[in-house]
Amino acid sequence: MIEHYVNQIIAMNILADAVTIIDDKGIIQYYKVFQQEASPFAPSEIIGRHFLDVFTNINPSESSVLKALRGESSFHNHFEVIHKDGSRHEIVENVYPVRFEGKIIGAVCVSQNAATSKKYLDINLPKATAKSMYKLKDIIGNSPKLRYLKMQIAQLAATDTSILVYGETGTGKEMVAEAIHGLSLRSNKQFCSQNCAAIPGGLAESLLFGTKKGVYTGSVDSPGIFEQVNGGTLFLDEVNSLDYSIQAKLLRALETKKIHRLGSDKEISLDFRVVAATNEDPFKCMESGKIRSDLFYRLSTFVLEIPPLRERKEDIPLLTEHFIQAHNEASSKQFSGVSDEVLAVFKQYSWPGNVRELKNVIESSAIFAKSSTIQISDLPYYITKSRSIENKEHREKNSANFLPASTSAPSYLIPDVIEQLIRDGATYKEAMDRFENLYLDSCQRNCSNQTHLAHILGISRQSLINKLKKHNLRPCDGTRDG
């Protein structure tokens, strides 16, 4: 039966130099060699044969394959392969039972050349960059709030104080951290960024502080991020997502500049700067218990707040131009910019996703744009929908302000009137007459006399009288001649 599942088994991204699949009767159904050193056989020599007939040096009572076929756990073995030319290679083999609907239908042997297997077992943390990717000039904008932010960054970079960056999602917290590093005396050292919310549960301590060999099964002596970034800057984003126990170790590391690897009593002295960040108000995080108060006060020697895009909309044209240029450099489809109408929509929109959202909107709009200028029709639906809602609220507000406060005032809105005229199939003249009727009716209700109303409307008094008669509207209250 196992031969029906060969494709599924070999598609499991197993790192191997050779893979052997054996059915529940011990017959080799599949054999693939990726590195010749891992096996002295060719597939045609052994497929269809019993594995004990092929590997004659195996003791059946000690066979890991037979143990796997009995349902026992996988096995890790070392053995030597002797090739026809007399060369010898040490092989590392793992054997796994294969179950289908609770029944064992075979076993899989994964073999590796011991000389090359170390490259698979020696797992290192991502290399920290030697210098920051973003500079101060990469923070786009010329609004007063952004100019003030850049001034703060330049001043703080010259110190070695701890900084807590507060900014909503998409405001560019990591960019600010990299700009600080790039202007600091540590700029020629490493910069490492770690999103604390992305660390799987239980791995934060080993990832940040490293591990000692043997502290858990398979663990090796491994440096953590703090050791990797020694001499440089460590950016911890969403630090409020760390468990309290890890926050306590982080506090100690900040205060003493010393760390202990997981499972080790040895103290390691380090030199580093930490820039932490939250996407929530840090003071509220402390009050709600998301950040320990002692860690908060240690991190927040200075709280650097990044203004959201809605509070610096004068920067939108510069950002739009920047993202258009970035798109043009990366794509063969070139754009000269966005239409004036699109720019007006951008300035009106609230941008809950901030600068990142603006960048994504421009990129997605560029995909569907039919001309060299991005138009309203190219924007994502939710942007134009938001615009329609805001425009409707604006119209309703203005209509309410325009209509008289009297309870006898008619309760109509221009959009409703237009829709009704369209449904009625009104001609252009009929529509204009209707609008004139509504306009005069609303205006004359709040005016004390006809002379005053005529002056406001910019027509003669006699013309006003004629129009009121035409629409069967009563004259203004009060003295007729003003």
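Going by my numbering, the first residue of the sequence shown is number 1015, and it counts up by one from there. Using N, Cα and C, we set each Cβ at its ideal position, and we do this for glycine too.
Contact annotation: the region 1379-1399 does not touch the region 1196-1215, with fewer than three C-beta pairs closer than 8 angstroms. The beta carbon of residue 1253 is closer than 6 angstroms to those of 1210, 1290 in its chain, skipping five residues each way along the sequence.
Counting other Cβ atoms within 10 Å of its Cβ, residue 1192 reaches 16 or more and is therefore classed as buried. DSSP places residue 1283 inside the beta strand (DSSP E), whose first and last residues are 1281-1283.
Boundaries of the alpha helix (DSSP H) around residue 1339: 1330-1344. Straight-line measurement puts the Cα of residue 1116 at about 25 angstroms from the Cα of residue 1045.
Taken through DSSP and simplified to helix, strand or coil, residue 1360 comes out as helix. Residue 1082 has no beta-bridge partner at all, per DSSP.
Residue pairing from DSSP places residue 1120 in a beta bridge opposite 1037, 1112.
The three-state reading of DSSP puts residue 1148 in coil, since its state is none of H, G, I, E or B. At the C-beta level, residue 1083 and residue 1074 stay beyond 8 angstroms of one another.
Rounded to the nearest whole angstrom, the CA to CA distance from residue 1301 to residue 1318 is 19 angstroms. Contact annotation: residue 1206 and residue 1243 have beta-carbon atoms nearer than 8 angstroms. The beta carbon of residue 1388 lies closer than 6 angstroms to those of 1352, 1356, 1379 in the same chain, with the five residues before and after it left out. With contacts defined as CB atoms closer than 8 angstroms, residue 1155 and residue 1372 fail to qualify as a contacting pair. Listed in chain order, the non-local C-beta contacts of residue 1336 below 6 angstroms within the same chain comprise 1154, local neighbours out to five positions each way being set aside. Taking C-beta atoms as the reference points, residue 1035 and residue 1122 count as a pair closer than 8 angstroms. Distance from the Cα of residue 1062 is smallest, within the candidate group 1329, 1077, 1386, 1040, for 1040. Here the alpha carbons of residue 1312 and residue 1269 stand approximately 8 angstroms from one another. Just so you know, the alpha carbons of residue 1458 and residue 1473 end up roughly 14 angstroms apart.
A straight-line Cα-Cα distance of about 12 angstroms links residue 1107 and residue 1077.
Positions of the beta strand (DSSP E) runs, each at least 3 residues long and wholly inside the region 1242-1317, are given as 1247-1251, 1272-1274, 1281-1283, 1287-1292 in order along the chain.
Following the DSSP letters along the chain, one finds residue 1190 inside the alpha helix (DSSP H) bounded by residues 1187-1197. As computed with DSSP, residue 1042 is found in a beta bridge with 1036. Selection 1443, 1208, 1330, 1124 evaluated against residue 1033 yields 1124 as nearest (Cα-Cα). In the three-state DSSP reduction, residue 1178 falls in the strand class (E or B). In the three-state scheme derived from DSSP, where H, G and I count as helix and E and B as strand, residue 1398 is classed as helix. In the three-state scheme derived from DSSP, where H, G and I count as helix and E and B as strand, residue 1234 is classed as coil.
Proximity to residue 1288 across 1177, 1069, 1259, 1365 peaks at 1177, based on C-alpha coordinates. Cα atoms of residue 1307 and residue 1350: separation of roughly 50 angstroms, rounded to the nearest angstrom. Per the coordinates, the alpha-carbon of residue 1235 lies some 24 angstroms from the alpha-carbon of residue 1256. Closest by C-alpha distance to residue 1118, out of 1475, 1104, 1086, 1148, is 1086. Remark: C-beta atoms of residue 1221 and residue 1238 approach each other more closely than 8 angstroms. Boundaries of the alpha helix (DSSP H) harbouring residue 1065: 1065-1068, taken from the DSSP string.
By the Cβ-count criterion, residue 1175 is exposed, with fewer than 16 other Cβ atoms from all chains shown falling within 10 Å of its own Cβ.
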